[in-house]
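**Student:**
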Amino acid sequence: MSTKQPLLEIRNLDVSFRTQNDPLRIVHGLSLTLEQGETIGIVGESGSGKSVTSLAVMGLLPQPTGFISNGEILLDGRKISGLKEKEMRKLRGNEISMIFQEPMTSLNPVFTIGDQLSEPLKQHTKLSKKERKARIIEILKTVGIPRPEQIIHEYPHQLSGGMRQRIMISLAMLAEPKLLIADEPTTALDVTIQAQILDLIRRINKKKNTSVMLITHDLGVVAEICDKVAVMYAGEIVEYTDVRTLFDKPLHPYTQGLIASMPNMNERKGELHSIPGNVPRPTELPTGCHFSTRCTFAMDRCHKEAPPTISSGNNHTVSCWLHAIEQKEEPLEMEEENNVRHAITS
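Structure, rendered in structure tokens:
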């Protein structure tokens with residue numbers, strides 16, 4: 019039995035935001051682990067809590083509004099949740115880096131690319147000015163930037179969206195961090211550039227043994243580069259397993275809906291499947307299972323009690339009453355049980 023320490027461990031994490039009344043909980047009891055060199059996808063619709071989770075790991079929750087109200091985050095066995103900003107600043111860019119969703123708003127428009135790439139090297143290394151320039155040109159070549167010697171003297175607005183995203187990746191990888199968080203890294207890019215960016219992240223993962231946490235709403239992206247996946251809904255992980263198992267045997271009705279919504283080139287459909295309704299606001303979460311108001315399999319119990327987290331073996335967990343019933347946690351009326359079994363197997 020391996021006793022190897024996970025690179026990243028999140029234990030029972032709650033993230034809340036202060037309001038005029040009581041604090042509002044956005045992320046509920048989230049737990050996951052990420053091994054060195056592994057890639058995990060955090061999947062869900064907008065409003066699921068994916069980006070808030072990544073900001074909590076980075077120590078970048080908006081202050082003083084956002085805070086971790088329960089649980090802990092460990093990096094290499096060291097608790098990093100609750101560290102002072104000065105200590106987190108040493109970790110960011112050095113051990114943990116993040117590729118943000120929109121590079122145009124993340125890059126400073128009044129500084130050249132070279133100046134912006136120099137800054138983290140000044141903070142985290144003792145390289146000379148000449149050595150910093152050589153390192154920057156090297157990393158720009160690694161991420162596929164043409165004519166890097168000229169690019170370092172240009173400004174963000176002079177580059178295309180795909181080029182800016184490559185600059186963001188090079189910025190994140192300058193200090194060769196152990197953990198790379200990518201928040202919707204292919205949003206607003208055309209399909210060809212998306213494929214190039216995903217291939218770049220995959221190559222960084224393999225070549226540097228960098229662990230990657232990929233935040234996305236696109237299961238196609240997850241299938242392309244991830245080892246395992248956590249499906250989030252309304253601030254909770256509703257299903258957690260490896261990627262192959264998720265696509266071969268999705269258990270949660272929400273996961274099934276997401277997969278059914280994916281276009282299939284081998285199958286002509288009149289209309290794409292969609293999940294009815296929207297992710298509820300944090301102030302309007304339904305009682306019981308948060309997905310119950312959109313679920314076609316919902317029973318009375320789903321509207322009253324939060325479902326337990328059930329293990330189906332092989333590190334596959336799901337939070338759903340359908341599977342709690344399947345494992346015979348508690349007896350049901352015969353007619354209701356037959357209906358549920360039909361739902362599970364259909």
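According to the numbering used here, the sequence shown is numbered sequentially starting from 19.
Even glycine gets a Cβ: it sits at the ideal position worked out from N, Cα and C.
Since we're looking at a predicted model, the values are computed, not measured.
1. Ignore the nearest five residues each way along the sequence and tell me which others in Glu167's own chain have a CB closer than 8 Å to its CB.
2. Under the three-state reduction of DSSP, which class applies to Ser115: helix, strand or coil?
3. Is there contact between the segment 249-262 and the segment 58-65, where contact requires at least three CB pairs shorter than 8 Å?
4. Where Lys97 and Thr130 are concerned, what is the direct C-alpha to C-alpha distance, given to the nearest angstrom?
5. Assign Pro164 to buried or exposed, taking buried as 16 or more other Cβ atoms, counted over all protein chains shown, within 10 Å of its Cβ.
6. Report the rounded CA-to-CA distance for Gly55 versus Pro304, giving the unit in angstroms.
7. Please list, in chain order, all residues of the same chain as Asn126 whose beta carbon is under 7 Å from its beta carbon, the five residues on each side excluded.
8. Three-state secondary structure (DSSP) at Tyr251?
9. Would you decide whether Gly77 is buried or exposed? Buried here means 16 or more other CB atoms lie within 10 Å of its CB.
10. Should Ser74 go down as buried or exposed, given a rule of 16 or more other Cβ atoms within 10 Å for buried?
11. Just tell me which of Ser69, Val240, Arg153, Pro174 has its CA closest to the CA of Ala252.
12. Which residue or residues does DSSP assign as beta-bridge partners of Asn88?
13. DSSP state of Glu257, grouped into three classes?
14. Could you tell me which of Asp318, Arg182, Leu52, Val230 sits nearest to Glu194, measuring between CA atoms?
15. With a cut-off of 8 Å, do at least 3 Cβ pairs link the segment 89-104 to the segment 23-43?
16. Out of curiosity, what's the CA-to-CA distance linking Ser136 and Met186?
17. Measure the Cβ-Cβ separation of Val249 and His270 and say whether it is below 8 Å.
18. From what residue to what residue does the beta strand (DSSP E) around Asp201 run?
19. Give me the Cα-Cα distance between Arg182 and Met122, rounded to the nearest whole angstrom.
20. Taking Thr37 as the reference, which of Glu172, Ile169, Pro300, Asn332 has the closest Cα?
21. Does the pairing of the segment 145-161 with the segment 102-113 give three or more beta-carbon distances under 8 Å?
22. Please state the DSSP three-state secondary structure of His321.
**Tutor:** Short version:
1. So the list reads Ile155, once near-sequence residues are dropped.
2. In the structure shown, Ser115 sits in a strand (DSSP, three-state: E or B).
3. Contact between the segment 249-262 and the segment 58-65 is present, because at least three Cβ pairs lie under 8 Å.
4. Rounded to the nearest whole angstrom, the C-alpha separation of Lys97 and Thr130 is 36 Å.
5. In this structure Pro164 is exposed. Its beta-carbon is surrounded by fewer than 16 other beta-carbon atoms within 10 angstroms.
6. Straight-line Cα distance between these residues: approximately 38 Å.
7. Sequence-distant Cβ neighbours of Asn126 in its own chain, meaning closer than 7 Å and more than five residues away, are Gln134.
8. Of the three classes helix, strand and coil, the one that applies to Tyr251 here is strand, per DSSP.
9. By the Cβ neighbour-count rule, Gly77 is buried, with 16 or more other Cβ atoms within 10 Å of its own.
10. Note on identity: in this sequence residue 74 is Ala, with Ser being the wrong assignment. Buried.
11. Out of Ser69, Val240, Arg153, Pro174, the CA that lies nearest to the CA of Ala252 is found in Ser69.
12. DSSP output for Asn88 lists Asp32 as bridge partner(s).
13. It is a strand residue.
14. Residue nearest to Glu194 within the set Asp318, Arg182, Leu52, Val230 is Val230 (criterion: CA-CA distance).
15. The segment 23-43 and the segment 89-104 touch, with three or more beta-carbon pairs separated by less than 8 Å.
16. About 13 Å.
17. Cβ atoms of Val249 and His270: closer than 8 Å.
18. The continuous beta strand (DSSP E) containing Asp201 extends over residues 197-201.
19. About 7 Å.
20. Selected option, being the one with the closest Cα: Pro300.
21. No: the two stretches stay apart, fewer than three of their Cβ pairs being nearer than 8 Å.
22. Three-state DSSP puts His321 in a helix.
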